[in-house]
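J.: The following block contains the structure, expressed as structure tokens.
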Amino acid sequence: MKIVVCIKQVPDAKDVRLDPETNTLAREGVESIMNPFDRHALEEAVRIKEEHGGEVVALSMGPPQAETVLREAISCGADRGVLVSDRGFAGADTWATSYTLGNAVQTLGEFDMVLCGKQAIDGDTAQVGPGLATQLRVPFVTCVQKIRTIEGKSLDLERMMDDGYDVVRLPIPCLLTVVKDINEPRTPSLKGKMKAKKAEITVLSAADIGAKPDCIGLAGSPTRVVNVFSPPPRGDRTVFTGSAEEQVDQLVEQLGKYI
Amino acid sequence: MDYLLTEEQQMIKETAREITEKKVIPMRAELDERNAFPTEILQDMAKADLFGIFVPEEYGGFGGGCLDIVLALEEMARGCVGVATSYAANALGIFPVLISGSKEQKEKYLPDIAQGKRWAAFGLTESNAGSDASGIQTTAVLDGDEWVLNGTKQWITNGGEAQVYTIIAMTDPSKGPRGATMFVVEDGDPGFSYGKKEDKMGIRASATRELIMQDCRIPKDRMIGRRGTGFITVMKTLDISRPGIASLGLGLGQAALDEAVTYAKQRVQFGKPIIAFQAMQHMLADMAIQVEAARALIYAAAKHIDNNPKNMSKASSMCKVFATDMAMKVTTDAVQVLGGYGYMKEYPVEKMMRDAKILQIYEGTNQIQRNVIGQELNKEYS
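So the sequences go chain by chain: F and U. Each residue of the first sequence is one higher than the one before, counting from 1 in my numbering. Each residue of the second sequence is one higher than the one before, counting from 260 in my numbering.
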């Protein structure tokens, strides 16, 4: 089982600011962490490897310093780390990111599964997972809360819904995005940390993954952030109490004001 | 202060701290309240490789020394001395095998210990043999290919939870201390059972039980070292384990200081945070001085021990006395800084003060440590 886990380095949510000129997240001088949802994707991949054998490759697109999260991934059980890094990738939206990661995964060769976190805590779009699956032309399921069984080339899992969960069967290869409920990530072990310290991180450029210049970075991004604003506060709310009859009376009285 | 630790030592500290913050601190009040053994936390520590720190590399560990254990224990004790004691007792329990065990014994036990598959405990104390270890009444008699052990060990940390026990027994009572030998007794050995779990003042997350041996039969090859060398093994074991207890005092003192300063900055009386008052500043300063002095002494003693000197007893005893007396003083002062709140279970310093007391008592009382230091001085100046 070869599993690719997509990992994003994000600013620590405790310290988020916006760049007033570009309306995008200001990343300078902000402490970076591994996107928390990706940590769960990584843990799930490592657990699958521990049970079924195989290899876990941690993949990230980002600036050179994103190497840190790949080393952290190795300390948590990934076998190796691959960083897709190129000045040309800067300013990528979810479409350009999906395209770039798609090329990177294909460059890494055949795979059985790609695991992603449900979304990144900085952009919060939840689009890259499905976008990447589309680029790779493999089926995907989002918000996976449990992998029930893996048998041969078939996977049974639970997809979290607002009112319960769906049980889904899908073929391998495929892509899953996971929610936090799927597992409790482990603390990096001492052996893992020592391995991470010595590990060589493979760095791939746009040319290495065969990415077309007009499909990457700002040039390849159809999205423009034209404005950022806080949503207006909700109007006043009233909670009625008492028996059902009393509550209906209160409601009718209130509605009367508007007639 | 920067103690110029190596990158590996920093990793040990980080790993122990991460488990302490994520797993130990959120659970400590409940473990204390329920007198509950921290099985899951110890399993998490094992998964993070912390049980392998002191096991040689050829048996699957990291081949770390006294300083490495001390660093891990300091971080653990910042969270809970009960949990940290359970970890420390495991190391103490297997040290006799590490120090005097045969190659076969090391191969049999050390890999499991390094992976946390089996836990160890150390059986020395008896009802009439505490500070005076020569009062041991447990006996071991060779019967064909088996040793037959009889006696009861008291207040054994990890008793009933561990699977591997290193136990000292008299093989030739007429020879006194030279008639004592150490053995490995395993959970499930015929004639081996546990007494009730003790209800303690502090370190309630650790398990303390009697070990009862009634015609307990173990194979001949469970003897550790040569016959009659039990006391030497015990003394060597305690020499390298005591800085660990000192480190429990250090971590605990640091935690109490952290709580006291944090509180003093927030608590407003007479219109000011109480840290603005000189009486409070002096108290906190004295606490900080003592904590840092203990750290410097422990790290120095641990490095001295790792250098494998001919005599390590004095350094080992000095850091144990200093750091554990410090922990008692600093935790008591932390309760004072927090005043009425400090006396309540809602704040962690009350538990810290209860946990501190045992550190002055176990693994050799601080009076016995002073005896050791005094005797060494007497020898040095002869």
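Quick reminder that beta carbons are idealized off the backbone N, C-alpha and C, glycines included.
For residue 165(F), does the three-state DSSP call read helix, strand or coil?
T.: Numbered from its first residue, the first sequence carries residue 165(F) at position 165. The answer is strand: DSSP assigns residue 165(F) an E or B state.
J.: Out of 298(U), 317(U) and 344(U), which has the shortest C-alpha to C-alpha gap to residue 500(U)?
T.: Indexing the second sequence from 1 puts residue 500(U) at position 241. Looking at the Cα atoms, 344(U) is the closest of the given residues.
J.: Counting pairs of Cβ atoms below 8 Å between the segment 38-48 of chain F and the segment 74-92 of chain F, do you hit three or more?
T.: In short, these stretches touch, since the Cβ pair count reaches three.
J.: How is residue 60(F) classed by DSSP in three states: helix, strand or coil?
T.: For the purposes of this step, residue 60(F) is taken as the residue at position 60 of the first sequence. Note: residue 60(F) maps to strand in three-state DSSP.
J.: Does the separation of the CB atoms of residue 96(F) and residue 215(F) fall below 8 Å?
T.: If you number the first sequence from 1, residue 96(F) lands on position 96. If you number the first sequence from 1, residue 215(F) lands on position 215. Contact flag set, yes.
J.: Can you list, in chain order, the residues of its chain with a C-beta nearer than 6 Å to that of residue 340(U)? Leave out the 5 residues immediately preceding and following it.
T.: For the purposes of this step, residue 340(U) is taken as residue 81 along the second sequence, with counting starting at 1. Correct list, in chain order: 462, 507, 511 and 614.
J.: If residue 697(U) sits next to residue 486(U), beta carbons under 8 Å apart, how far is it from one beta carbon to the other, in whole angstroms?
T.: Residue 697(U) falls outside the range modelled here, since chain U spans only 260 to 641, and no answer is possible.
J.: Any Cβ of chain U within less than 8 Å of the Cβ of residue 32(F)?
T.: Position 32 of the first sequence holds residue 32(F). It does not: the Cβ of residue 32(F) has no partner Cβ on chain U nearer than 8 Å.
J.: From the beta carbon of residue 71(F), is the nearest beta carbon of chain U less than 8 Å away?
T.: Against the first sequence, residue 71(F) aligns to sequence position 71. No, its Cβ sits nowhere closer than 8 Å to a Cβ of chain U.
J.: Cβ of residue 271(U) within 8 Å of Cβ of residue 331(U)?
T.: Locating residue 271(U) in the second sequence gives position 12, counting from the first residue. Locating residue 331(U) in the second sequence gives position 72, counting from the first residue. A contact, by the Cβ cut-off of 8 Å.
J.: Kindly give me the distance between the Cβ atoms of residue 320(U) and residue 565(U), rounded to whole angstroms, as I take these residues to be in contact under 8 Å.
T.: As a working note, residue 320(U) is residue 61 in the second sequence. As a working note, residue 565(U) is residue 306 in the second sequence. Not a contact, Cβ separation roughly 15 Å.
J.: Give the single residue among 26(F), 187(F), 60(F) and 8(F) whose Cα lies nearest to the Cα of residue 276(U).
T.: Counting from one through the second sequence, the residue named residue 276(U) turns up at place 17. Ranking 26(F), 187(F), 60(F) and 8(F) by Cα distance to residue 276(U) puts 187(F) first.
J.: Rounded C-beta distance between residue 589(U) and residue 549(U)? I'm assuming under 8 Å.
T.: What you label residue 589(U) is simply residue 330 of the second sequence in a count that begins at 1. What you label residue 549(U) is simply residue 290 of the second sequence in a count that begins at 1. Yes, they are in contact, since the Cβ atoms of residue 589(U) and residue 549(U) sit about 6 Å apart, within 8 Å.
J.: Measure the CB-CB distance between residue 126(F) and residue 221(F) and report whether it falls below 8 Å.
T.: Within the first sequence, residue 126(F) is the residue found at index 126, counting from 1. Within the first sequence, residue 221(F) is the residue found at index 221, counting from 1. In this structure, residue 221(F) does not lie closer than 8 Å to residue 126(F) by Cβ.
J.: Are the beta-carbon atoms of residue 218(F) and residue 41(F) separated by less than 8 Å?
T.: Indexing the first sequence from 1 puts residue 218(F) at position 218. Indexing the first sequence from 1 puts residue 41(F) at position 41. It is not a contact, given that the beta carbons lie outside the stated cut-off.
J.: Which residue marks the beginning of the alpha helix (DSSP H) containing residue 597(U), and which one marks its end?
T.: For the purposes of this step, residue 597(U) is identified with residue 338 of the second sequence, where counting begins at 1. Note, residue 597(U): alpha helix (DSSP H), 572-602.
J.: Using a Cβ cut-off of 7 Å, pull out every chain U residue sitting near residue 191(F), in sequence order please.
T.: The sequence position of residue 191(F) within the first sequence is 191, counting from 1. The contacting residues are 308.
J.: Just to confirm before moving on: does the CB-CB distance between residue 138(F) and residue 175(F) stay below 8 Å?
T.: Looking up residue 138(F) in the first sequence gives position 138. Looking up residue 175(F) in the first sequence gives position 175. Cβ distance < 8 Å, so residue 138(F) and residue 175(F) count as in contact.
J.: Can you look up residue 36(F) in the DSSP assignment and give me helix, strand or coil?
T.: Counting from 1 along the first sequence, the entry for residue 36(F) is found at position 36. If DSSP states are grouped into helix, strand and coil, residue 36(F) belongs with the helices.
J.: Give me the subset of the segment 177-188 of chain F whose CB atoms are less than 8 Å from a CB atom of chain U, sorted by chain position.
T.: Of all residues in the segment 177-188 of chain F, 186, 187 and 188 have a Cβ within less than 8 Å of some Cβ in chain U.
J.: Report the residue ranges of all beta strand (DSSP E) runs contained in full by the segment 116-180 of chain F; include only those spanning at least 3 residues, in chain order.
T.: Segments of the beta strand (DSSP E) lying fully in the segment 116-180 of chain F: 140-151, 154-161, 164-171 and 174-178.
J.: DSSP puts residue 423(U) in a beta bridge; with which residues?
T.: Here residue 423(U) refers to the residue found at position 164 of the second sequence. Its beta-bridge partners are 379(U) and 445(U).
J.: Which residues does DSSP pair with residue 342(U) in a beta bridge?
T.: Along the second sequence, read from residue 1 onward, the residue named residue 342(U) stands at position 83. Beta-bridge pairing links residue 342(U) to no other residue.
J.: I'd like to know whether the C-beta of residue 462(U) is nearer than 8 Å to at least one C-beta of chain F.
T.: By one-based count along the second sequence, residue 462(U) stands at place 203. Not an interface residue.
J.: What residues from chain U crowd round residue 194(F), counting only those whose CB sits closer than 8 Å?
T.: Stepping through the first sequence from its first residue, residue 194(F) is reached at position 194. The contacting residues are 267 and 270.
J.: Mind listing the chain F neighbours of residue 321(U)? Cutoff is C-beta to C-beta under 9 Å, in chain order.
T.: What you label residue 321(U) is simply residue 62 of the second sequence in a count that begins at 1. Within 9 Å Cβ-Cβ: 190, 191 and 194.
J.: Given this structure, state the Cα-to-Cα distance separating residue 521(U) from residue 606(U), to the nearest angstrom.
T.: The count along the second sequence starts at 1 and reaches residue 521(U) at position 262. The count along the second sequence starts at 1 and reaches residue 606(U) at position 347. Spanning the two alpha carbons is a distance of roughly 12 Å.
J.: Within 8 Å of any Cβ in chain F, is that where the Cβ of residue 279(U) sits?
T.: Here residue 279(U) refers to the residue found at position 20 of the second sequence. Chain F, which has no Cβ nearer than 8 Å to the Cβ of residue 279(U), makes this no.
J.: Thinking C-beta only, is residue 131(F) closer than 8 Å to residue 262(F)?
T.: Beyond the ends of chain F as shown, which are 1 and 259, falls residue 262(F); an answer cannot be given.
J.: Does the beta-carbon of residue 615(U), which I'm using as the reference point, lie nearer than 7 Å to any heavy atom of the ligand GDP?
T.: The ligand GDP is not part of the structure shown, which contains no ligands of any sort.
J.: On the DSSP letters alone, give me the boundaries of the beta strand (DSSP E) that residue 477(U) sits inside.
T.: One-based indexing of the second sequence puts residue 477(U) at position 218. 467-478 is the extent of the beta strand (DSSP E) around residue 477(U).
J.: If you run the structure through DSSP and keep just helix, strand and coil, what is residue 439(U)?
T.: Indexing the second sequence from 1 puts residue 439(U) at position 180. Strand.
J.: Just checking: is the beta-carbon of residue 274(U) within a distance shorter than 8 Å of some beta-carbon in chain F?
T.: For the purposes of this step, residue 274(U) is identified with residue 15 of the second sequence, where counting begins at 1. Chain F, which has a Cβ nearer than 8 Å to the Cβ of residue 274(U), makes this yes.
J.: Please name the residue or residues paired with residue 398(U) in a DSSP beta bridge.
T.: To locate residue 398(U), count along the second sequence from 1; it is residue 139. Answer is 409(U) and 429(U), bridged to residue 398(U).
J.: Between residue 102(F) and the rest of its own chain, which residues show a CB-CB distance below 6 Å, the 5 nearest in sequence each way excluded?
T.: For the purposes of this step, residue 102(F) is taken as residue 102 along the first sequence, with counting starting at 1. 132, 135 and 136.
J.: If the cut is a Cβ gap below 9 Å, which residues of chain C does residue 303(U) touch?
T.: Checking the listed chains, one finds no chain C in this structure; the protein chains it contains are F and U.
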